[in-house]
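Number of protein chains: 2
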Amino acid sequence: MEGDPTLRLRVFDLNCWAIRYLSKRRQERVRLIGDTLHQEGFDLVLLQEVWSERDYSDLKAKLGGCYPFSHYFRSGVIGSGLCVFSRFPILDTLLYQYSLNGYPYMLQHGDWFCGKSVGLVLARGSRTTLPPRSCQLHAEYCREKDAYLPHRLVQAWELAQFIRHTSKAADVVLLGGDLNMHPEDVGIRLLRGWPGLRDAVAEATRFEGCEDGCTLVPNNCFTVKTELLPFPLGIRIDYILYKAISSFTVKCEELKTTTGTAPGMDIPFSDHEAVMATLHIRRQGQAAGANVGTAEPTLADVVTEARTEVGVGLRAAQRQRYSTGRMAVLALLLLLRQAAAALGALAGLAAGQPFPKLSFSLLAFLAIGILLLATGLHLFHTMEVKMLQGTEEQMRMALRALQERP
Amino acid sequence: MEGDPTLRLRVFDLNCWAIRYLSKRRQERVRLIGDTLHQEGFDLVLLQEVWSERDYSDLKAKLGGCYPFSHYFRSGVIGSGLCVFSRFPILDTLLYQYSLNGYPYMLQHGDWFCGKSVGLVLARGSRTTLPPRSCQLHAEYCREKDAYLPHRLVQAWELAQFIRHTSKAADVVLLGGDLNMHPEDVGIRLLRGWPGLRDAVAEATRFEGCEDGCTLVPNNCFTVKTELLPFPLGIRIDYILYKAISSFTVKCEELKTTTGTAPGMDIPFSDHEAVMATLHIRRQGQAAGANVGTAEPTLADVVTEARTEVGVGLRAAQRQRYSTGRMAVLALLLLLRQAAAALGALAGLAAGQPFPKLSFSLLAFLAIGILLLATGLHLFHTMEVKMLQGTEEQMRMALRALQERP
Chain A
1 MEGDPTLRLR
11 VFDLNCWAIR
21 YLSKRRQERV
31 RLIGDTLHQE
41 GFDLVLLQEV
51 WSERDYSDLK
61 AKLGGCYPFS
71 HYFRSGVIGS
81 GLCVFSRFPI
91 LDTLLYQYSL
101 NGYPYMLQHG
111 DWFCGKSVGL
121 VLARGSRTTL
131 PPRSCQLHAE
141 YCREKDAYLP
151 HRLVQAWELA
161 QFIRHTSKAA
171 DVVLLGGDLN
181 MHPEDVGIRL
191 LRGWPGLRDA
201 VAEATRFEGC
211 EDGCTLVPNN
221 CFTVKTELLP
231 FPLGIRIDYI
241 LYKAISSFTV
251 KCEELKTTTG
261 TAPGMDIPFS
271 DHEAVMATLH
281 IRRQGQAAGA
291 NVGTAEPTLA
301 DVVTEARTEV
311 GVGLRAAQRQ
321 RYSTGRMAVL
331 ALLLLLRQAA
341 AALGALAGLA
351 AGQPFPKLSF
361 SLLAFLAIGI
371 LLLATGLHLF
381 HTMEVKMLQG
391 TEEQMRMALR
401 ALQERP
Chain B
1 MEGDPTLRLR
11 VFDLNCWAIR
21 YLSKRRQERV
31 RLIGDTLHQE
41 GFDLVLLQEV
51 WSERDYSDLK
61 AKLGGCYPFS
71 HYFRSGVIGS
81 GLCVFSRFPI
91 LDTLLYQYSL
101 NGYPYMLQHG
111 DWFCGKSVGL
121 VLARGSRTTL
131 PPRSCQLHAE
141 YCREKDAYLP
151 HRLVQAWELA
161 QFIRHTSKAA
171 DVVLLGGDLN
181 MHPEDVGIRL
191 LRGWPGLRDA
201 VAEATRFEGC
211 EDGCTLVPNN
221 CFTVKTELLP
231 FPLGIRIDYI
241 LYKAISSFTV
251 KCEELKTTTG
261 TAPGMDIPFS
271 DHEAVMATLH
281 IRRQGQAAGA
291 NVGTAEPTLA
301 DVVTEARTEV
311 GVGLRAAQRQ
321 RYSTGRMAVL
331 ALLLLLRQAA
341 AALGALAGLA
351 AGQPFPKLSF
361 SLLAFLAIGI
371 LLLATGLHLF
381 HTMEVKMLQG
391 TEEQMRMALR
401 ALQERP
């Protein structure tokens, strides 16, 4: 871009599904991803679900020549799984961990342990400041009865706010990741509307890949076929979103997805398809202004819809806070009752039939266990309530700002 | 400021020590704070440790006339305790919760339950964009053997990074809060050096209040006198820091602190002294540029010092992760041994003396308890290790950037 006011930026995004001991043919696939990235020479690579630091180190060693700059984001128990490889120098990084991310006791879903986050990387492409973000939101396990929707909406809102607040001095903003939402879902509409991001699939001049840009497709041998039964073409949950901020414009020239297998191979990179965008970034004479993607009355509707869902989640969390609190109190009462009985037995030693020791201590341990568990859950749901209330309040403020704007 | 390129901004900052049931004369003090704020008519009020939402609502009701805009930040189990009252419209807010904040099992210190955070408020003062931040870092309980230093440094680093990334398009940045660090501590030097903040006490043209701007003083009837024995003048841990970013300059005209009692009263506002600054903000012809407060070789030394301390914390966390993991494994082995013994007893029912049932089940419950506790702690310390590693890595990157700069 030296002397030339345009830049062609090739971006690669993939949810790698690289969970040690659990993901099928992981090492083979990570090698394959590394080989492809090495051959293709993208400008920016945004990867998710690289849970093992060894996999990241292997990729880094292999890709050092063509992507001299990289960063791995650490968070949660297992990690965030996010990493970025870049041809441009990475000047700075910032990790924002979502305040809500599922429940620690839902071990079978495991989202809570991942510390899901958005990782911001500040890269400088000759004359452009690019903060690409790699992120992943809470997974959807059941579309009909989606218990995690409020958490995912809080995450989408925090992501939108994070983008708004950290991108003000950037030239171009880029967001890539597995958002775990369908294109028409309220969370995606929020991300398009509130920070004004554009969807590369919708804006692309040329498109090649799975129909509608789907990234979970029945053709992929690793996808769970039963989950895709209601969607014969597949679903789209991985995105590349972008916006130009200062005196720049961005156009998506081309968008490609893989189609069930890696190019020229017989196995896929992952259970998700990769998304590859070629963006055309151009400096223009005057500042473009921060144009919001959606017309504002529509945006107000989207924020209202999201706020309603967060409110539903808030009431559920309040109910759970109440019932876990009540259970803790009952367990405490049982313990006190037992302590009184034990003291009574000690005071009048020989009085009548003694209480059977085994059942007595079993009951005491049970009460202690329930007390500890219920207290822990009560604290957790108290935090959940606080965060949902905070988000609802922020959304209310955003709605007021939208309504007051001339 | 209409037509006039200058703005005088009066800022009030106070750690209110308003913990329900625990803080002495809380309601009386909150009323007093409200009355004073109402009379004095500051432009911006940054409060910490307002743990009760009822106290916030009372203040809001009382101050609605002179501070029409306010925000209460919710986080953690108890809350963040942060709130902001403003004469200027609050356009947007963002809460960043620190990734590390003490240990949940240190109940007597309680920091973990507060969800300590930095709250960003985007306010617009006629022609100036002001993102004031209210924040509180982890408390220091023992200066000689400060087990929380690495956590506080991670928080200081995250705060510095948060300011750098969210203030790029602002005119003036303002940070007020209880930073729980002395002025010469490495965390404060980091906050002055890395985002280039200036300390209102050091820069003030006129100063009035406790010597050296101390905010925990022996004169205050609520402070714990034994903690202040090594510091006969008191200590300074509450700050107002600022910087001008775009084409603005900021000067601190006047800085005042309360001196053990509220002005004209016989009791203090809190166990901390209030800090009040009058800032003179002036638009100048050309952009001031993001000048870093400290010379860069000194800044590199500060980042290196902070990184060394984080490294010490990392090794301690790794040791704790190892020992809790080992304890969990031992408890599991004990449980398996018991299960084998129980199965053996069931198989050869009449063989020899039966194992005493009571001790057997007590031991089993003990093993289950230890297993659960040790696993929980192991998960917690794994997260701690990840976050300390991530911060160390970010500091390494910052040092490289500082060294590479021409």
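Which chain is which? The protein sequence lines are A and B, in order. Each step along the first sequence adds one to the number in the working numbering, with nothing skipped, and position 318 is 318. Each step along the second sequence adds one to the number in the working numbering, with nothing skipped, and position 90 is 90. A virtual CB, placed ideally from N, CA and C, is assigned to each residue, including glycine.
Close to chain B, meaning a Cβ-Cβ distance shorter than 9 Å, are the following residues of the stretch 159 to 182 of chain A: Gln161, Phe162, Arg164, His165, Thr166, Ser167, Lys168, Ala169 and Ala170. A contact between stretches requires three or more CB pairs, one per stretch, nearer than 8 Å, and the stretch 254 to 274 of chain B meets this requirement with the stretch 206 to 216 of chain B.
The C-beta of A/Ser247 comes no closer than 7 Å to any C-beta of chain B. With respect to B/His71, B/Val50 sits apart: the two C-beta atoms are not nearer than 7 Å. Within the stretch 236 to 267 of chain B, the runs of beta strand (DSSP E) that reach at least 3 residues and sit entirely inside it are, in chain order, 238 to 244 and 248 to 257. In the structure shown, B/Trp157 adopts helical secondary structure according to DSSP, grouped into three states. Taking a C-beta distance under 7 Å as the contact criterion, A/Ile240 and A/Gly187 do not qualify as a contact pair. The DSSP-derived three-state label of B/Ile78 is coil. Taking all protein chains shown into account, A/Ala339 has fewer than 16 neighbouring C-beta atoms within 10 Å of its C-beta and is therefore exposed. For the pair B/Glu158 and B/Gln27, the Cα-to-Cα distance works out to about 34 Å. Collapsing the DSSP output to three states places B/Thr6 in a strand. Residue pairing of A/Ile281 in beta bridges, as defined by DSSP: A/Leu7 and A/Val250. Taking 7 Å as the cut-off, the beta carbon of B/Phe12 is found closer than this to the beta carbon of B/Phe42.
For A/Phe207, the pairing in a beta bridge is given by DSSP as A/Leu255. Put simply, the backbone Cα of B/Arg10 is about 7 Å away from that of B/Leu44.
Taking a cut-off of 8 Å on C-beta distances, the stretch 188 to 205 of chain A touches the stretch 298 to 316 of chain A, as three or more cross pairs fall below it. Of all residues in the stretch 361 to 386 of chain B, those with a C-beta nearer than 7 Å to a C-beta of chain A are Ser361, Leu362, Phe365, Leu379, Thr382, Met383 and Lys386, reading in chain order.
Taking 8 Å as the cut-off between beta carbons, the residues of the stretch 77 to 104 of chain A near chain B are Val77, Gly79, Ile90, Leu91, Asp92, Thr93, Leu94, Leu95, Tyr96, Gln97 and Ser99, in sequence order. Neighbours of B/Gln394 in chain A, taken as residues at a C-beta separation under 7 Å, are given in chain order as Thr93. In terms of Cα proximity to A/Leu336, the closest of A/Ala364, A/Arg315 and A/Leu346 is A/Ala364. Between the beta-carbon of A/Arg206 and that of A/Glu254 there is about 4 Å, and that keeps the pair under the 8 Å contact cut.
A direct Cα-to-Cα measurement between B/Ile163 and A/Asp92 gives close to 13 Å. In the DSSP assignment, A/Asp92 falls within the beta strand (DSSP E) that extends over Ile90 to Gln97.
Look at B/Gly390: its C-beta is under 7 Å from a C-beta on chain A. Rounded to whole angstroms, B/Thr226 and B/Leu233 show a C-alpha spacing of 13 Å. DSSP places B/Tyr56 in the uninterrupted alpha helix (DSSP H) bounded by Glu53 to Leu63.
The Cβ of B/Lys357 sits closer than 7 Å to at least one Cβ of chain A. With contacts defined as CB atoms closer than 7 Å, B/Leu371 and B/Ala331 qualify as a contacting pair. Sequence-ordered contacts of the stretch 324 to 352 of chain A with chain B are nonexistent [C-beta pairs closer than 7 Å]. Out of A/Met181, A/Ala202, A/Val173 and A/Gln39, the CA that lies nearest to the CA of A/Leu149 is found in A/Met181.
Residue pairing by DSSP places A/Arg198 opposite A/Tyr242 in a beta bridge. Exclusion of the five residues before and after B/Ser99 leaves Met387 as the residues of its chain whose Cβ lies within less than 6 Å of its Cβ. Shown here, A/Tyr103 sits in coil according to DSSP, grouped into three states, outside any helix or strand. Contact between A/Val77 and A/Leu59 is absent: CB atoms are separated by about 22 Å, not below the 8 Å threshold.
Within a 10 Å sphere around the beta-carbon of B/Gly119 sit 16 or more other beta-carbons, which makes this residue buried. Scanning B/Gly260, B/Thr249 and B/Ala300 for the CA closest to the CA of B/Arg282 turns up B/Thr249.
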